[in-house]
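See structure below.
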Amino acid sequence: MAAPRSYVLWSYCGRGWSRLVRTCGPRGLHSSLPAGSLGVRFLSQEKHATQTHFGFETVSEEEKGGKVYQVFESVAKKYDVMNDMMSLGIHRVWKDMLLWKMNPLPGTQLLDVAGGTGDIAFRFLNYIQAQHQRKQKRQLRAQQNLSWDEIAKKYQDEEDPLGGSHVMICDINREMLKVGQKKASDQGHKAGLTWVLGDAEELPFDDHKFDIYTIAFGIRNVTHIDQALQEAHRVLKPGGRFLCLEFSRVNNPLISRLYDLYSFQVIPVLGEVIAGDWKSYQYLVESIRKFPSQEEFKEMIEDAGFQKVTYESLTSGIVAIHSGFKL
Amino acid sequence: MTTLWLRVSLPFCRLPGGLLSTADKWRRVLVPGGKNMRTLGFSDLSFSDLADVPFRAGIHGTSLLYPDHIPTSPLQKALLAAGSAGMALYDPYRHDMVAVLGETTGFYTLKVLRDQMRRDPEGTQILQERPRISLATLDMDKLRSLPEGSFGREYLRFLDVNRVSPDTRVPTRFVDDEELAYVIQRYREVHDMLHTLLGMPTNILGEIVVKWFEAVQTGLPMCVLGALFGPVRLSARKLHVLVSELIPWAVHNGHRAPCVLNLYYERRWEQPLAALRKELGITAVPPCMQGLA
Numbered sequence: 008m009a010a011p012r013s014y015v016l017w018s019y020c021g022r023g024w025s026r027l028v029r030t031c032g033p034r035g036l037h038s039s040l041p042a043g044s045l046g047v048r049f050l051s052q053e054k055h056a057t058q059t060h061f062g063f064e065t066v067s068e069e070e071k072g073g074k075v076y077q078v079f080e081s082v083a084k085k086y087d088v089m090n091d092m093m094s095l096g097i098h099r100v101w102k103d104m105l106l107w108k109m110n111p112l113p114g115t116q117l118l119d120v121a122g123g124t125g126d127i128a129f130r131f132l133n134y135i136q137a138q139h140q141r142k143q144k145r146q147l148r149a150q151q152n153l154s155w156d157e158i159a160k161k162y163q164d165e166e167d168p169l170g171g172s173h174v175m176i177c178d179i180n181r182e183m184l185k186v187g188q189k190k191a192s193d194q195g196h197k198a199g200l201t202w203v204l205g206d207a208e209e210l211p212f213d214d215h216k217f218d219i220y221t222i223a224f225g226i227r228n229v230t231h232i233d234q235a236l237q238e239a240h241r242v243l244k245p246g247g248r249f250l251c252l253e254f255s256r257v258n259n260p261l262i263s264r265l266y267d268l269y270s271f272q273v274i275p276v277l278g279e280v281i282a283g284d285w286k287s288y289q290y291l292v293e294s295i296r297k298f299p300s301q302e303e304f305k306e307m308i309e310d311a312g313f314q315k316v317t318y319e320s321l322t323s324g325i326v327a328i329h330s331g332f333k334l
Numbered sequence: 231m232t233t234l235w236l237r238v239s240l241p242f243c244r245l246p247g248g249l250l251s252t253a254d255k256w257r258r259v260l261v262p263g264g265k266n267m268r269t270l271g272f273s274d275l276s277f278s279d280l281a282d283v284p285f286r287a288g289i290h291g292t293s294l295l296y297p298d299h300i301p302t303s304p305l306q307k308a309l310l311a312a313g314s315a316g317m318a319l320y321d322p323y324r325h326d327m328v329a330v331l332g333e334t335t336g337f338y339t340l341k342v343l344r345d346q347m348r349r350d351p352e353g354t355q356i357l358q359e360r361p362r363i364s365l366a367t368l369d370m371d372k373l374r375s376l377p378e379g380s381f382g383r384e385y386l387r388f389l390d391v392n393r394v395s396p397d398t399r400v401p402t403r404f405v406d407d408e409e410l411a412y413v414i415q416r417y418r419e420v421h422d423m424l425h426t427l428l429g430m431p432t433n434i435l436g437e438i439v440v441k442w443f444e445a446v447q448t449g450l451p452m453c454v455l456g457a458l459f460g461p462v463r464l465s466a467r468k469l470h471v472l473v474s475e476l477i478p479w480a481v482h483n484g485h486r487a488p489c490v491l492n493l494y495y496e497r498r499w500e501q502p503l504a505a506l507r508k509e510l511g512i513t514a515v516p517p518c519m520q521g522l523a
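So the sequences go chain by chain: B and S.
Everything in the first sequence is counted per our numbering, starting at 8 for the first residue and increasing by one.
Everything in the second sequence is counted per our numbering, starting at 231 for the first residue and increasing by one.
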């Protein structure tokens, strides 16, 4: 075993041993081959591993990243409008439910990956602020006699309204980040935000840095979902939580038919009429069909090292929130 | 209940003609063509068979009729037509929406137009040779060197004065026949020529006049809708001018002139504009619009 393994290591020079071992495992696109011939497995997997799906098309893995980038570059300006049109505003409820599930406390360090236009990040900040204000009100009611010092401090607004919380918004696409930054300044969110350009498969952060990692409607666009999950595991602190909001499989057959009808007949038309872009929205609905089911995705998260992985299907399974802990 | 609903709605969601979608194991069993599909009983199939078809649009298939083709089902065409009409009215700068409206509503009219072109010798030549008008195919220097008053020189002047370019036309995407896709593309590219022939500028009034002319000439639903609904945003004074002088003039000329798509414009650059107008029976530009184009 040692000889073939070192051959494989050697050719993968800069990649990292752990990632190598994981990619050689029988998962996703790779076919499972007899364990004895690790070297042979590497060679034949090379041929299989370079093809992946882009919606219903088959493309090479290198191409997929570029194509996804182009899709989001062209939809960035109309992203929020289209979300509202396509989901009839329900996406707001889904994102709110993610926050309620998260229930963050002041002081939380959040990493929002693929969070380009900032929907989750802004909700997080609002939630923390609301929590903080409630806490203050409770304190005020309890301590009827405040000292002059405390009163002066409250009037001078010296305390941090976020209580030390911070959200890092990471996205691979510059256009989406630009739209997000503009939204932030329009809505008046100044403190507690950082915008980072980065790839979910190779996050530009150190290990054990964040309390919560979220990825909302982003993970299905990642070329190597398992790598993104491993990165999530890496950057979370022990005790940290992984939360993923993503389109999933509908469990009810009638609703599934209606959903298919709506997705394939109406959504590309909406994309063409409102955003002038049919193909990006065709890709969007196809990529939803290609994403694994709730159970399969749960297993992928467990494989990345997360514990107590659960999922909750919303709206009959149109979306699901997966949650896991790094212990 | 579900099967009944499926039987009613599926025909509207199927892709046109013999186009196969990628996950098409259901349809491969049948001979391609409409009739066989309708006689298949839905009770023969389980849900898993119907799982992939027919709501999935097959835009990745090798069965695209031309490079930019996007196959669409009747339901999608209906939604596109309604949506693009609304959007074009809401935002007049969305020229792509006017184009989409033309493509989705014009199928039968395009057939009539194509047959008209086939009956004319010059039109047949155009259909065979498929000339395209774009900055790449036009020789701007040669056009500039032509004498004043020639069609080519006046066309170039029109482009310069109104600051338009022949390259801003979106390619055809939703027409499900390759030749008809060319016909509508030719119609769009010839639109600027019509401006020159009629002497109309590219302001809203000029565009409406050209639309009336085209509506009478081609009968395309998009032209008719544009001609009828275009004036809604005009002031009362302009509306009066339009209705009293310009529309009767446009309609009269539209009836008199032969099909304008039958002209091989690329061979007529040197022809004097006045002679070309006489050939087509286009009368003098009404006084209110003279000297503007």
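Note that CB positions come from ideal geometry on N, CA and C, so glycine has one too.
Within chain B, no C-beta atom comes less than 9 Å from the C-beta of V420 (chain S); the nearest is roughly 24 Å away. For L291 (chain B), the uninterrupted alpha helix (DSSP H) run begins and ends at 285 to 297, by DSSP. DSSP places F129 (chain B) in the helix class (H, G or I) of the three-state scheme. By the Cβ-count criterion, Q272 (chain B) is buried, with 16 or more other Cβ atoms from all chains shown falling within 10 Å of its own Cβ. For V257 (chain B), there is no enclosing beta strand (DSSP E), as DSSP marks it with neither H nor E. When the beta-carbon positions are compared, A128 (chain B) and L200 (chain B) come within less than 8 Å of each other.
For I219 (chain B), the closest C-alpha among the options B:F63, B:T124, B:G114, B:G96 is that of B:G114. Residue B:V120 holds the alpha-carbon nearest to the alpha-carbon of L210 (chain B) among B:V120, B:R248, B:I295. Check the Cα spacing between N492 (chain S) and each of S:L428, S:T448, S:A457, S:T339: the tightest is with S:T448.
Within the segment 256 to 290 of chain B, P260, L261, R264, D267, L268, S270, F271, Q272, V273, P275, V276, L277, E279, V280, I281, G283, W285, K286, Q289 place their CB atoms closer than 8 Å to a CB of chain S, listed in sequence order. Going by DSSP, V174 (chain B) is part of the beta strand (DSSP E) stretching over 173 to 178. S263 (chain B) and L321 (chain B) have their C-alpha atoms some 13 Å from each other.
When C-beta distances to chain B are compared with 8 Å, the residues of the segment 323 to 339 of chain S below that value are R324, D326, M327, V330, in chain order. Between I281 (chain B) and V88 (chain B), the gap from beta carbon to beta carbon is short of 8 Å.
Counting C-beta pairs with one atom in each stretch, the segment 492 to 508 of chain S and the segment 466 to 482 of chain S have fewer than three that are closer than 8 Å, which means they do not touch. When DSSP states are grouped into helix, strand and coil, W499 (chain S) belongs to the coil group. By the Cβ test, the segment 188 to 202 of chain B is not in contact with the segment 95 to 103 of chain B, since fewer than three Cβ pairs between them sit closer than 8 Å. Beta-bridge analysis with DSSP links D119 (chain B) to B:I176, B:T221.
For I328 (chain B), the beta-bridge partners assigned by DSSP are B:L252, B:E319.
Residue S:G382 holds the alpha-carbon nearest to the alpha-carbon of D371 (chain S) among S:L458, S:L295, S:G382.
Counted as a single uninterrupted DSSP element, the stretch harbouring F271 (chain B) is not any beta strand (DSSP E), since DSSP gives it neither H nor E. Neighbours of M317 (chain S) in chain B, taken as residues whose beta carbon is under 9 Å from its own, are V280, I281 in chain order. Counting along the chain, V203 (chain B) sits inside the beta strand (DSSP E) bounded by residues 200 to 204.
In the three-state reduction of the DSSP assignment, F61 (chain B) falls in the strand class. Listed by position along chain B, the residues whose Cβ is nearer than 7 Å to that of I300 (chain S) are W285. Of S:R349, S:R362, S:G460, S:T432, the smallest CA-CA separation from Y412 (chain S) is found for S:R362. Straight across, the Cα-Cα distance linking E238 (chain B) with N259 (chain B) is about 34 Å. Counting along the chain, the unbroken alpha helix (DSSP H) around I232 (chain B) starts and ends at 232 to 242. Under a criterion of Cβ atoms nearer than 8 Å, the residues of chain B adjacent to L305 (chain S) are, in order, Q272. In the structure shown, the three-state DSSP call for P377 (chain S) is coil. In this structure, S:L435 is the residue among S:H425, S:P377, S:L435, S:L455 with its C-alpha nearest to the C-alpha of S465 (chain S). Looking at the DSSP output, V66 (chain B) shares a beta bridge with B:T59. Put simply, the CB of G313 (chain S) is near chain B, with a gap under 8 Å to one of its CB atoms. Neighbours of L309 (chain S) in chain B, taken as residues at a C-beta separation under 8 Å, are given in chain order as Q272, V273, V276. Beta-bridge annotation (DSSP): Q314 (chain B) is paired with B:F332.
Taking Y266 (chain B) as the centre and dropping the five residues before and after it, the same chain places the C-beta of V257, I325 closer than 7 Å to its C-beta, in chain order.
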